[in-house]
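*Asks:* Sharing a structure below in structure tokens format, with a few things to ask.
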Amino acid sequence: MNQKILHTPEGLRDIYSDECERKQILEQRLHQVPASFGYRDIETPSIEFFDVFGSDIGTIPSRDLFKFFDREGNTLVLRPDFTPSIARAASRYFQNVDHPIRLSYLGRSFVNYSGLQGRLKENTQMGAELIGASGADADAEIIAMATETMLAAGLTEFQISIGHVAFFESLAEEAGFDEDTVLRLRNLIHNRNTFGVEKLLGSLEEEKDQTAAGPLDERIRRLLIALPTLTGGGEVLDKAFRMSEGLRAQEAVVRLKKVLELLKVYGLERYTAFDLGMLSVYMYYTGIIFRGYTYGTGEAVVKGGRYDALLRHFGKDLPSIGFVVVISQLLNALQRQKIEILPEHERYLILYGEEAAEEAVSKAVAWRKQGKYTELMLLASEEDRKKSDEEYRCEGGYAGVVRL
Amino acid sequence: MRYLTMALTKGRLAKQTMQLLEKVGISCEEMTDPATRKLIFINEELKLKFFLAKGPDVPTYVEYGAADIGVVGEDTIMEEGRKIYEVLDLGFGKCRMCVAGPEEAAALLNGQEQIRVATKYPKIARDYFTERKNQTVEIIKLNGSIELAPIVGLAEVIVDIVETGSTLKENGLKVLEEVCPLSARVVVNPVSMRMENARITKLLDDMNRILTLK
Numbered sequence: 025m026n027q028k029i030l031h032t033p034e035g036l037r038d039i040y041s042d043e044c045e046r047k048q049i050l051e052q053r054l055h056q057v058p059a060s061f062g063y064r065d066i067e068t069p070s071i072e073f074f075d076v077f078g079s080d081i082g083t084i085p086s087r088d089l090f091k092f093f094d095r096e097g098n099t100l101v102l103r104p105d106f107t108p109s110i111a112r113a114a115s116r117y118f119q120n121v122d123h124p125i126r127l128s129y130l131g132r133s134f135v136n137y138s139g140l141q142g143r144l145k146e147n148t149q150m151g152a153e154l155i156g157a158s159g160a161d162a163d164a165e166i167i168a169m170a171t172e173t174m175l176a177a178g179l180t181e182f183q184i185s186i187g188h189v190a191f192f193e194s195l196a197e198e199a200g201f202d203e204d205t206v207l208r209l210r211n212l213i214h215n216r217n218t219f220g221v222e223k224l225l226g227s228l229e230e231e232k233d234q235t236a237a238g239p240l241d242e243r244i245r246r247l248l249i250a251l252p253t254l255t256g257g258g259e260v261l262d263k264a265f266r267m268s269e270g271l272r273a274q275e276a277v278v279r280l281k282k283v284l285e286l287l288k289v290y291g292l293e294r295y296t297a298f299d300l301g302m303l304s305v306y307m308y309y310t311g312i313i314f315r316g317y318t319y320g321t322g323e324a325v326v327k328g329g330r331y332d333a334l335l336r337h338f339g340k341d342l343p344s345i346g347f348v349v350v351i352s353q354l355l356n357a358l359q360r361q362k363i364e365i366l367p368e369h370e371r372y373l374i375l376y377g378e379e380a381a382e383e384a385v386s387k388a389v390a391w392r393k394q395g396k397y398t399e400l401m402l403l404a405s406e407e408d409r410k411k412s413d414e415e416y417r418c419e420g421g422y423a424g425v426v427r428l
Numbered sequence: 028m029r030y031l032t033m034a035l036t037k038g039r040l041a042k043q044t045m046q047l048l049e050k051v052g053i054s055c056e057e058m059t060d061p062a063t064r065k066l067i068f069i070n071e072e073l074k075l076k077f078f079l080a081k082g083p084d085v086p087t088y089v090e091y092g093a094a095d096i097g098v099v100g101e102d103t104i105m106e107e108g109r110k111i112y113e114v115l116d117l118g119f120g121k122c123r124m125c126v127a128g129p130e131e132a133a134a135l136l137n138g139q140e141q142i143r144v145a146t147k148y149p150k151i152a153r154d155y156f157t158e159r160k161n162q163t164v165e166i167i168k169l170n171g172s173i174e175l176a177p178i179v180g181l182a183e184v185i186v187d188i189v190e191t192g193s194t195l196k197e198n199g200l201k202v203l204e205e206v207c208p209l210s211a212r213v214v215v216n217p218v219s220m221r222m223e224n225a226r227i228t229k230l231l232d233d234m235n236r237i238l239t240l241k
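Line order of the protein sequences matches chains A and B. Following the numbering used here, the residues of the first sequence are numbered contiguously, the last one being 428. Following the numbering used here, the residues of the second sequence are numbered contiguously, the last one being 241.
Structure representation (structure tokens):
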């Protein structure tokens, strides 16, 4: 037999039985959170035109997308990320709505990572988008919701790290760096490479002496070097506020302070930390960005941020913010932290011999009416009959087994 | 308290790192035993675990969070391009990433000629030639004794680490261009940096203090 037909392609897998049950229970629990905040669901197609995720949108690099063609020769893409899809849909269907739109989703995303990395290419994601709201209250609502999903999953030790992309960007802009330098600085700060930042700024200084351009503002220099280490609680915001006195970057700090005040009202500030050096690979983020971290997984389980310019690509200019939970990462974390997801229903088994078939069926019907999840099993062979009820119970994890 | 796990690059780097760690009061006696066949070493008192790995694997362990902290050469970090924080320059393991070849190959580096470049570091070589020099090249990936390639005519030049340059010299090659200086770095998993911030920051500060004393 061809062995290949039994295997799934690299990065893809079957999820079944107990694991599947746990996953679905978790999905439902998480999904309740945006619903309780008044978010309504949206389903967008798994396949979209390439342009929805193109490089000017600033999502996953295009070589990591699953691409194929339709019959007319258009390039299609399996969605790697829900946000651009929802931005597209919202621009189209909510043309004439003048109040904020609250949308949530649960579905699969696909990223064609290069091989041998041990990464899953298909992931279930749950998330929410708040479209048409620009204030700090909207930021706080989304962050609060992201925090609530972590709590709903049963996590107790986790942290939501919040940053603001405009902090770095306005520093870079005010310093007047060229595009290449900004890119290099971004990478260095993204990797928390403080000495790299220092070295780069030093070499720029030398070049500047030769070109006779003005020296770099001392405040900006100090902030850029401190940026990778500006992390922690509310006191970091105070420090950043003082350091950015008189600079445009200070506006970002003021915004973060407002969000912190609101999160206090939500009662969630103890899960919150600030990180002004946080930058995102998703270039569509324009304001606050945040990530949720916990033990047992090397990557963030929650990601989100403000994307005020994204909807412009689809013809509607609306400020928006959203977040996503990567469910497989979260399941890994829960498993490694030994946090159990208990099934919501007990399952029962009725064992019967051929002669008791009618009795078994009518008992099952009655039990199911009572709301018991009931499975029927015919004891066909001598071997089946020999096994004890207890053995059946343990094997299948049933709450009860009866034999007719 | 949870264990903090450190992945060290096998060989000289690991030895130098342990010497540095001893100065900040962290030791692991199990590790100094030359006869040991153990793969993982534990300091119960400080709740630290150490293991040794091949250089290119260290960023992988750290990216996935299998190790919280890693010590590895900058060349490997650049080549692997993993999502990890590069937080401390240890200052030892110093060397240079260079383009080398026979003297007459120097002329090929200034034109638009499509030359062949042999290297253990295809990503670094490609970035250097296409991004910084704007020259289209053909990269040939090799796994060792890179210096052979230009001698036997497999490639015009090589991109490799140069420490003293004596291997190059003995084989009639010389450094033609320097790509970048290199040294050993401490890398940290982004999630660990958040969840164990206090312990990791203290460790890094302690190490940094010893390094700046020198």
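Even for Gly, the Cβ is constructed at its ideal location relative to N, Cα and C.
1. Could you give the distance in angstroms between the alpha-carbon of K28/A and the alpha-carbon of F90/A?
2. Here's the rule I'm using: 16 or more other beta-carbon atoms within 10 Å means buried, otherwise exposed. How should L30/A be labelled?
3. So what's P61/B in DSSP terms, helix, strand or just coil?
4. Using the beta-carbon of each residue, which ones in chain A are nearer than 8 Å to E113/B?
5. For I66/A, which residues in the same chain have their Cβ closer than 7 Å to its Cβ, ignoring the five residues on either side in sequence?
6. Under 8 Å Cβ-Cβ, which residues of chain A neighbour E90/B?
7. What whole-angstrom Cβ distance do I363/A and L303/A have, given they're in contact under 8 Å?
8. At a CB-CB cut-off below 9 Å, which residues of chain A make contact with M222/B?
9. Quick one: does the C-beta of L342/A sit closer than 7 Å to a heavy atom of the ligand GTP?
10. Does the region 179–187 of chain B touch the region 141–148 of chain A, meaning 3 or more C-beta pairs lie closer than 8 Å?
11. I'd like the ranges of any alpha helix (DSSP H) spanning at least 4 consecutive residues and lying wholly in the region 72–151 of chain B.
12. What residues from chain A crowd round D116/B, counting only those whose CB sits closer than 7 Å?
13. When you compare each of D88/A, R409/A, F191/A and Y331/A to Q274/A by their alpha carbons, which one comes out closest?
14. Count the other CB atoms, across all protein chains shown, that sit within 10 Å of the CB of R236/B; report buried if there are 16 or more and exposed otherwise.
15. Which of the three DSSP states is assigned to P85/A in this structure?
16. Would you call A236/A buried or exposed, if buried means 16 or more other Cβ atoms sit within 10 Å of its Cβ?
17. Report the rounded CA-to-CA distance for K393/A versus N356/A, giving the unit in angstroms.
18. Thinking just about the alpha-carbon of each residue, which of L280/A, D75/A, V349/A and V101/A is nearest to the one in M169/A?
19. Taking only runs that begin and end inside the region 316–388 of chain A, name each unbroken alpha helix (DSSP H) of 4 or more residues, in chain order.
20. Which residues in the same chain have their Cβ closer than 7 Å to the Cβ of F265/A, if we skip the five residues on either side of it in sequence?
21. Just checking: is the beta-carbon of V218/B within a distance shorter than 8 Å of some beta-carbon in chain A?
22. If you run the structure through DSSP and keep just helix, strand and coil, what is T296/A?
23. Below 6 Å CB to CB, which residues in the same chain sit around G97/B once its five sequence neighbours on both sides are set aside?
24. What residues match up with P208/B in a beta bridge as DSSP calls it?
25. Suppose the cutoff is 7 Å on Cβ atoms and the five residues either side in sequence are ignored; what does the same chain contact list for L373/A look like?
26. Which of the three DSSP states is assigned to V206/A in this structure?
27. So if DSSP puts A34/B in a beta bridge, which residue, or which two residues, is it bridged to?
28. With DSSP collapsed to three states, give me the class of A404/A.
29. Please classify E230/A: does DSSP put it in a helix, a strand, or coil?
30. If distances are taken between C-alpha atoms only, which option among L240/A, L300/A and N211/A comes closest to K263/A?
31. For L403/A, tell me which candidate among K396/A, S412/A, G395/A and R294/A has the shortest Cα-Cα distance.
32. Pick helix, strand or coil for H214/A, following the three-state DSSP scheme.
33. Starting from F192/A, trace the alpha helix (DSSP H) in both directions and tell me its first and last residue.
*Replies:* The answer reads as follows:
1. 21 Å
2. exposed
3. coil
4. N215, R216, N217 and G220
5. I110, A113, L127 and Y129
6. G322
7. I363/A to L303/A, Cβ: 31 Å. No contact.
8. E181, F182, Q183, Y317, T318 and Y319
9. Looking for the ligand GTP in the displayed structure turns up nothing, as the structure carries no ligands at all.
10. no
11. 84–90 and 101–107
12. F219
13. F191/A
14. exposed
15. coil
16. Confidence at A236/A is low in this model, with a pLDDT of 49, below 50, so its placement is unreliable and the value that follows should be read with caution. Its Cβ having fewer than 16 others within 10 Å, A236/A is exposed.
17. 36 Å
18. V349/A
19. 351–360
20. Q274 and V277
21. yes
22. strand
23. A34, V85, V89 and V214
24. R123/B
25. E399, M401, Y416, G420, Y422 and V425
26. helix
27. F78/B and G97/B
28. coil
29. helix
30. L300/A
31. S412/A
32. helix
33. V189 to A199
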